[in-house]
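In our numbering, the protein residues as written are 6 to 276. Everything on this sheet refers to the single structure shown next.
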């Protein structure tokens, strides 16, 4: 799952729409607001008078790609409705579990925490995102193309999928075939151990973070045309994979995310 964090208007939602079309996945967008309820996300049971029983009406989370737009605008109660879905790929309503479609992919967007009207995501939910990325402002050339080009909505409608579901799942399976040497495993474990022992961090990286780092690095190697994992692959994905999981013991805004990830890379030598 992916968390995109940046200022309003830089293209977070557009990027999510783009990925849905290119990956050929069915898609639902959930606009998170302060009055959103868990049932608005996962669905609810409705009484059927004719049959004399309750039937489950699935919510928008029952899609292959779910865009949770401005997730930190909603209350923690609504945010938590995604927790089970993201981790277990199922939801439970009235004691009964319902599996979600496969593949299942959540893209959440959020505005920076200092923006008015935001509810910071709890650490338990942040840890369920494989990566967090920031888009930033476009460069001069890209912004000129944006200002003078076609409407982005029209461009999205013209896009065709570059993968079908079978191809996507085959690529995901190939990630498992990337070879990881003992030296690379030692390096990953050294990164995890340093995060847990250094006074710079409020707390260390979880085992889930270690799994996310390794799988992301293997995917990066595969996209680079290799079935052999290198230290450079680990370092390439580390900021996006662990930046949202690291918190400074100093609790200063300037000592978060990418800065902490850079400190981690600089502090742990490559074996």
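Every residue gets a Cβ at the ideal spot worked out from N, C-alpha and C, and that includes glycine.
So is residue 156 buried or exposed if we call it buried at 16+ other beta carbons inside 10 Å?
Counting Cβ neighbours within 10 Å, residue 156 comes out exposed, since fewer than 16 surround it.
Which residues does DSSP pair with residue 49 in a beta bridge?
Partner(s): 62.
Are the beta-carbon atoms of residue 30 and residue 110 separated by less than 8 angstroms?
Taking 8 angstroms as the Cβ cut-off, residue 30 and residue 110 qualify as a contacting pair.
Rounding to the nearest angstrom, what Cα-Cα distance links residue 201 and residue 8 in this structure?
Taking the straight line from one Cα to the other gives about 24 angstroms.
Check the DSSP bridge columns for residue 197 and list the partner residues they point to.
The partner list for residue 197 (beta bridge, DSSP) is empty, contrary to what the question assumes.
Report yes or no: do the segment 39-48 and the segment 166-177 share at least 3 C-beta pairs separated by less than 8 angstroms?
They do not touch, by the three-pair rule.
Checking the sheet assignment: what are the DSSP bridge partners for residue 155?
DSSP output for residue 155 lists no bridge partner at all.
Select from 210, 222, 174 the residue whose C-alpha is nearest the C-alpha of residue 107.
Residue 174 is the option with its Cα nearest to residue 107.
Given this structure, state the Cα-to-Cα distance separating residue 208 from residue 252, to the nearest angstrom.
If you take the alpha carbons of residue 208 and residue 252, they lie about 7 angstroms apart.
Given 7 angstroms as the limit, tell me if residue 261 has its C-beta closer than that to any heavy atom belonging to the ligand ATP.
The model on display carries no ligand, and the ligand ATP is accordingly not part of it.
Enumerate in chain order the residues of its own chain whose CB-to-CB distance from residue 98 is below 7 angstroms, with the five nearest sequence positions on each side excluded.
Cβ neighbours of residue 98 beyond the five flanking positions: 47, 48, 49, 50, 61.
Alpha carbon to alpha carbon, how far is residue 32 from residue 203? Give it in angstroms, no decimals.
C-alpha separation (whole angstroms): 42 angstroms.
What is the DSSP secondary structure of residue 268, counted as helix, strand or coil?
The answer is helix: DSSP assigns residue 268 an H, G or I state.
How should residue 35 be labelled, buried or exposed, when 16 other C-beta atoms within 10 angstroms of its C-beta is the threshold for buried?
The residue in question, residue 35, is buried, as its Cβ has 16 or more Cβ neighbours within 10 Å.
What would DSSP say about residue 138, mapped onto helix, strand or coil?
Correct three-state label for residue 138: strand.
Taking 8 angstroms as the threshold (C-beta atoms), are residue 263 and residue 247 in contact?
No, the pair does not count as a contact, with Cβ atoms beyond the cut-off.
Is residue 245 buried or exposed, if buried means 16 or more other CB atoms sit within 10 Å of its CB?
Residue 245 comes out buried.
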